[in-house]
């Protein structure tokens, strides 16, 4: 990860210091719990068409849309903003694609056209966020809340209030197909996340976003073009959410105007925080956001696998998240260490006395 | 400004915004003097069944029939927006309020206000909890218990040798879910052959149902013969998950759903679903009769059951399909 | 000075940070009823020593005795309980709270039903009145006050805590002469009540005016403890910097005027104005000259600089750059046209605290290129290495977060940031405020060199002496107006400028005391 991690031991040490390390620990623990319930949990088998089948594959598939919106959210949060509209952009993307495909022939061309349409519409919604935040100067919370409320309404207008279904094999393949035995949808999400990571770290975008998020005044006086950057970031967030919407609807080839993407903005924010990006803005971590997204998907799947009852599900999830946040808190960890040290000391003294 | 302040401010503004949206939604133009005003606190877009139901109500209470219907769908199935709409109908002084509650609990205060204002309230489809029949005139609904009992009866006959089954529920706490569980469990629990391997919510959603079923099949090594989906959308998601697990729906895993939408009947005709119990949404006529009776000062039963049909074969589905309105 | 027992005794204090020994067996004694000054260059360990005494840093070795008792200070609360209060270099108050709330924070007057706000505000008003700040309404928001008054509010806050030891870390760096005198009156009052005061300042005159004894640190080591009356200034400076002061004096000799080579100005603005900031004025900047802005605090110096840079959008004004008409309405446009501006507010508008020295240094260059054209790492390293060496940034570690550097070194990094954009016009607003004598001399010398190389420098300082010595031409501002423009020469001095300010209009009774003598003079 970092250039100075020469040896594996050092690399491991660096990993432990990262916030998202605890996210990885939590994923491992959840998998372990599942493994205890069913020793075959982690097993893979080869499916009918040569693809891998297994619970882990299901988790990766479920994580794909969350990864995308979490990565977008991560960038927005770095600038000190927040994007509450991602869930609504997802449903608009789903509505646009389903409405288009339900009237289009079942060809690869119309599948691609649907994706093009989604990119255009979600970029436009992101641009509206960008205008409200950077030009009009509204609080990001309010601006994106407007799109969050309006977006779902827009989706209902597009589909005439109905849950629209469509048939298109190539579009369906995005969410259900396999390449090299792995689900296309996860590979795509990973690819997009990597591309974003590459974009922000290889260009100066990451530095500029952090500068805005850490100290907007100083960044402005240093000539950083805040307006253009915010614009870029909200559009990126919108397009990523659009892809997430494609993933969610292509899975069942149905857009559910009231459920698709519903409250997923909260999952995205959670994933970003678990990944070690502060909501106050500044330093951000895309890898962490991806880990956070996978953790949330693992948690969702674990709830079903363990057969936790519907009414207890929210409480179960809350407990896992709270424990994780406590583990991540430097203060709590220090308190633990001090207690351990305090209990260890009397023992030492006895040893000396003896 | 600190992050906390920012959020507090934003939340304040959000509440104001939501209120404003709610108010405009139930505003509408004031009708003529001779029309009877009906306030319809509706659920809004939720699925094909709801769509058919609410369109049917709107098509029944027309101006030609002497009514002005004010339609107020909930914002994102949010109860708060429903209560706001309900309250403003009471303040406006409409003649009758029709209510399809998104959540069963928390309606006492609103219903008491309507009672004080002497506005009769008729519950459509969804019930309330606690079910205090003094607070409303009547509830018109297909009987969830009856419908889900029909599903259970079919399951008993379809699996004479017993089966492992899984239930896809709606959101926890909704009265429909409770009633559909109650009717089904009453029969199924008396059958030692029917073994429940679990139940989980999929929030009425196709996408979530698919995700849930794919995991359930793995956690039971595909040893599930029957899935009871509490609505059609979730049933259709279950079909896709079963297919992806390499099993054949209708053969390896039989899936029963409730609602009876066109999509579900098509799927039944194709042999993917095995049983569809209709939950008849078309009770606009019944509602109209009740409203007229109430306005004339007549008495009505506190619960009116709308009759529903069941479809247990592809043939039955094909016969019903051409006339399906929803 | 009473030769009683010391109230604070720090013996053999050592503190190490990763890679650096910040303090090496340093000692410090404070007696009740004395003003004791801690002297040393930036990075000498003054701040670290203070933070050890206030419980912010844990000491690795040594002992702190307060009132004769050894104390382990685990945090600022411990220190406050022991009677040690601090007013930090940069104002540490809550800008969202009112003046009164800031003064009384943690010491609110409690009644039967929680905090009695009326009594709290009354107590705040009394405390402020003792500092001669009775005209401030404790119910007004703190953020509305100028920085200088905020500083005095911070001092009143520590008075509320009824401390036995008061630490004033550069309290005067943003005060004008009147306010300094006001503060000194208060300090003397506190001293006479038996409070031990630890004072840190870079203004030698102030040190000699107020302190009884002083302790000198250099490079984290204890250099000596002296009675102020027994150590003259030249000796003090040489003890601080560890070399002869002849090198510093050479700056005076260099102050010979540059000869302007071109007639056409590089930058010219006609009728530049912004409502509430500056009234219409003309300003010209030539290549190879330093133009100074002189005036009292609040006269519009900073406001003018911000207009030239586009940090604030001018209402009127016609700007020509190199003979061509142009519009400079944002910092990005200014940078694109090779104008750079170093803000007086280093903490909020200068450094980006959590970024590294390297990132801070290249930020402006990168911003001008746009995010899509990243500066290759090799070029970044070259720029960073160049300016760290040229400006003598210490420690010379490009990857260290800039917040860990001392004020003077942060300022050098910022200077490097602007120079890296290769500007034609460089605006420096208080570049030497709050930094030590050594760094100050280095920066002053560097500014002169820049002008010699052909840069056009607009120089702002609240020390009129410094402006006079640095500038070839001086624009005098008063009440947001330009009242005079003076060519540098023998007849221009701090006194003559003060006279101009004082005689303008009705005159300003405080003006003649507003001049601070340059520390190294």
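Residue numbers (the numbering used here), protein chains in the order written: chain Z, 2 to 355; chain L, 429 to 754; chain X, 1012 to 1532. Backbone N, C-alpha and C define an ideal beta-carbon position, used for all residues, glycine too. For clarity, every value in this text was computed on a predicted model and none was experimentally measured.
- Query: Buried or exposed: where does residue 1297 of chain X fall if 16 or more other Cβ atoms within 10 Å of its Cβ makes it buried?
  - Reply: buried
- Query: Under the three-state reduction of DSSP, which class applies to residue 1484 of chain X: helix, strand or coil?
  - Reply: strand
- Message: Against chain X, does residue 332 of chain Z count as a neighbour if the rule is that its beta carbon must be under 8 angstroms from one of theirs?
- Response: Output row for residue 332 of chain Z: interface = no.
- Just by C-beta distance, which residues in the stretch 1375–1406 of chain X are closer than 8 angstroms to chain Z? 1375, 1377, 1378, 1379, 1380, 1381, 1382, 1383, 1384, 1385, 1386
- Message: Using C-beta distances below 8 angstroms, list every residue in its chain close to residue 599 of chain L, excluding the 5 sequence neighbours before and after it, in chain order.
- Response: Within the same chain, and ignoring the five residues on either side of residue 599 of chain L in sequence, the residues whose Cβ sits closer than 8 angstroms to its Cβ are 605, 629, 631, 632.
- Query: Of all the CB atoms in chain X, is at least one closer than 8 angstroms to the CB of residue 281 of chain Z?
  - Reply: no
- Task: Taking C-beta pairs closer than 7 angstroms, name the residues in chain Z that residue 640 of chain L reaches, listed in chain order.
- Result: 305
- Task: Could you tell me how far apart the beta carbons of residue 1488 of chain X and residue 1315 of chain X are, in whole angstroms, since I believe they sit closer than 8 angstroms?
- Result: About 7 angstroms separates the two Cβ atoms, so the contact holds.
- Message: For the alpha helix (DSSP H) containing residue 267 of chain Z, name the first residue and the last one.
- Response: 265–275
- Query: Any Cβ of chain Z within less than 8 angstroms of the Cβ of residue 745 of chain L?
  - Reply: no
- Query: Can you name the start and end residues of the beta strand (DSSP E) that residue 1237 of chain X belongs to?
  - Reply: 1232–1238
- Should residue 226 of chain Z be labelled buried (16 or more other beta-carbon atoms within 10 Å of its own) or exposed? buried
- Message: Which residues does DSSP list as the beta-bridge partners of residue 1281 of chain X?
- Response: X/1329
- Quick one: which unbroken alpha helix (DSSP H) runs of 4-plus residues sit fully inside the stretch 177–205 of chain Z? Chain order, please. Listed in chain order, they are 185–203.
- Message: Please list, in chain order, the chain Z residues whose beta carbon lies closer than 7 angstroms to that of residue 1363 of chain X.
- Response: 212, 215, 216, 219, 220
- Query: When DSSP labels each residue in this structure, what does residue 169 of chain Z get in the three-state scheme?
  - Reply: coil
- Own chain residues within Cβ distance below 7 angstroms of residue 1026 of chain X, not counting five before or after: 1033, 1034, 1059, 1063, 1068, 1070, 1071
- Using alpha carbons as the reference points, say which of Z/303, Z/276, Z/251, Z/284 lies closest to residue 113 of chain Z. Taking only the C-alpha atoms, the option nearest residue 113 of chain Z is Z/251.
- Query: Using a Cβ-Cβ distance under 8 angstroms, would residue 261 of chain Z count as near chain L?
  - Reply: Yes, residue 261 of chain Z lies at the interface with chain L (some Cβ there is under 8 angstroms from its Cβ).
- How long is the line joining the alpha carbons of residue 1250 of chain X and residue 1406 of chain X, rounded to whole angstroms? 21 angstroms
- beta-carbon residue 153 of chain Z near the ligand ZN non-hydrogen atom, thresh 7 angstroms: As far as ligands go, the structure on display features none, and thus does not contain the ligand ZN.
- Looking only at C-alpha atoms, which of L/548, L/665, L/575 sits nearest to residue 722 of chain L? L/548
- Task: Mind checking which residues open and close the beta strand (DSSP E) that includes residue 393 of chain L?
- Result: Beyond the ends of chain L as shown, which are 429 and 754, falls residue 393 of chain L; an answer cannot be given.
- Hey, residue 1110 of chain X and residue 1153 of chain X are a contact pair by Cβ (cut 8 angstroms); roughly how many whole angstroms apart? 5 angstroms
- How should residue 320 of chain Z be labelled, buried or exposed, when 16 other C-beta atoms within 10 angstroms of its C-beta is the threshold for buried? exposed
- Task: Go through the stretch 1066–1112 of chain X residue by residue and report every complete run of the alpha helix (DSSP H) that reaches 4 residues or more, in order.
- Result: Listed in chain order, they are 1087–1092.
- Item | Beta carbon proximity, residue 1352 of chain X to chain Z, threshold 8 angstroms | yes
- Query: If contact means a Cβ-Cβ distance below 7 angstroms, which residues of the stretch 38–52 of chain Z contact chain L?
  - Reply: 39, 48, 49
- Item | DSSP bridge partner residues for residue 703 of chain L (one or two, in chain order) | L/684.
- Output yes if chain Z places a C-beta closer than 8 angstroms to the C-beta of residue 1439 of chain X; else output no. no
- Could you tell me which residues DSSP puts in a beta bridge with residue 1050 of chain X? In the DSSP secondary-structure assignment, residue 1050 of chain X is bridged to X/1227.
- Task: Have a look at residue 754 of chain L and residue 13 of chain Z and give me their C-alpha separation to the nearest angstrom.
- Result: 59 angstroms
- Compare the C-beta of residue 1243 of chain X with all C-beta atoms of chain Z and state if any pair is closer than 8 angstroms. Not closer than 8 angstroms to any Cβ of chain Z, the Cβ of residue 1243 of chain X fails to qualify, so no.
- Item | DSSP beta-bridge partners of residue 624 of chain L | L/593
- Query: Per DSSP, what kind of secondary structure is residue 1529 of chain X in: helix, strand or coil?
  - Reply: Because the pLDDT at residue 1529 of chain X is just 35, under 50, the model does not fix this residue reliably, and the value given afterwards should be weighed accordingly. In the structure shown, residue 1529 of chain X sits in coil (DSSP, three-state: anything other than H, G, I, E or B).
- Query: Using a beta-carbon distance below 8 angstroms, is residue 1535 of chain X in contact with chain Z?
  - Reply: Residue numbering for chain X in the displayed model covers 1012 to 1532; residue 1535 of chain X lies beyond these limits and cannot be assessed.
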